[in-house]
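Everything on this sheet refers to the single structure shown next.
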Amino acid sequence: MQRWREDRFVRPTTVDPRQLVKTQAMLWDRLPDRFAGVELSPLAPLGTCSAIATVDQNKVVTTNRGTEVASDPTNELAIEAAVRRKAGAARVDLAACQRVVRAQAVDAPGMFAHFQLFALVSSTRDTGSGRAEAEMLLDHLGFWADILGEQAQLTFTTLAPTAVRERIDDTVRPALKVDLMEDPDRMKGSNYYSGTALGIAQAGAEVGDGGFTRWTADLLGDAKERCLISCISTERLTAITAS
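So, in structure tokens, the structure goes:
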């Protein structure tokens, strides 16, 4: 019983599962048909996060069977997207809802070692001038804007100069129902995302983030591959909705 009370890896969270299920159902119900739902395993191949996303392996819970406990659904979805792209799919759009575990200690109120994330991953081939990236941005940001409503606060940060910046102004921003504000001072994720990073918040409370990565390009050995990821904490969204 003492271990149950004190071990952050096994201690239950304080979220009401009945409310959490409602949030999950709302996300799946509003998800556009182009996104294929994926029910991920709670385990991933050993090194999934450190090899794909260059995350410190010490932040991941490993097993003695050549696997690790899932710590980020976007990494696993990127692998699945690469598999489907290699099989011939023109563009792949995937979604998953997964409870993950992080090994690093976080000493903050309401923070737990395990939590649930709802994630989107899209991958396609570059068509030039940032057009493919703009299409994926519209699908991801449009979904989050629909979920978060009028209080949605979506931001972007340009980490490196690309044509995507122009497409954000002439294609993405005009098509969104909410403002997409630039956050030039953001440093979070500068070594994680490639080119453009996204911020997702509601009424001043951060619920998630996203951005472009090189994951499927590296997995497929093709520099023309483009991959956009985004995800939110369903527990944070549930708490905001309930307040």
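Quick note on the working numbering: the sequence shown kicks off at 52 and runs consecutively. Every residue, glycine too, gets a C-beta built ideally from N, C-alpha and C.
Query, Result
"Any 3 or more C-beta pairs closer than 8 angstroms across the stretch 231 to 241 and the stretch 266 to 275", "no"
"Limits of the unbroken beta strand (DSSP E) element including residue 95", "94 to 96"
"Residue 246 at chain B interface by Cβ criterion, 8 angstroms", "Chain labels in this structure do not include chain B; a single protein chain is all it has."
"With 16 other Cβ atoms within 10 Å as the buried cut-off, status of residue 232", "exposed"
"Three-state secondary structure (DSSP) of residue 193", "helix"
"Inter-residue spacing [alpha-carbon to alpha-carbon] between residue 185 and residue 117", "38 angstroms"
"Buried/exposed call for residue 29, threshold 16 Cβ in 10 Å", "In the structure as shown, the chain begins at 52 and stops at 294. Residue 29 is therefore absent and cannot be evaluated."
"Three-state class that DSSP yields for residue 143 in the structure shown", "strand"
"Anticipated Cβ contact below 8 angstroms, residue 280 with residue 129, distance rounded", "7 angstroms"
"Contact the stretch 75 to 94 vs the stretch 138 to 152: 3+ CB pairs below 8 angstroms", "yes"
"Between the CA atoms of residue 65 and residue 169 - distance to the nearest angstrom", "18 angstroms"
"Proximity of residue 181 and residue 215 at Cβ, strictly below 8 angstroms", "yes"
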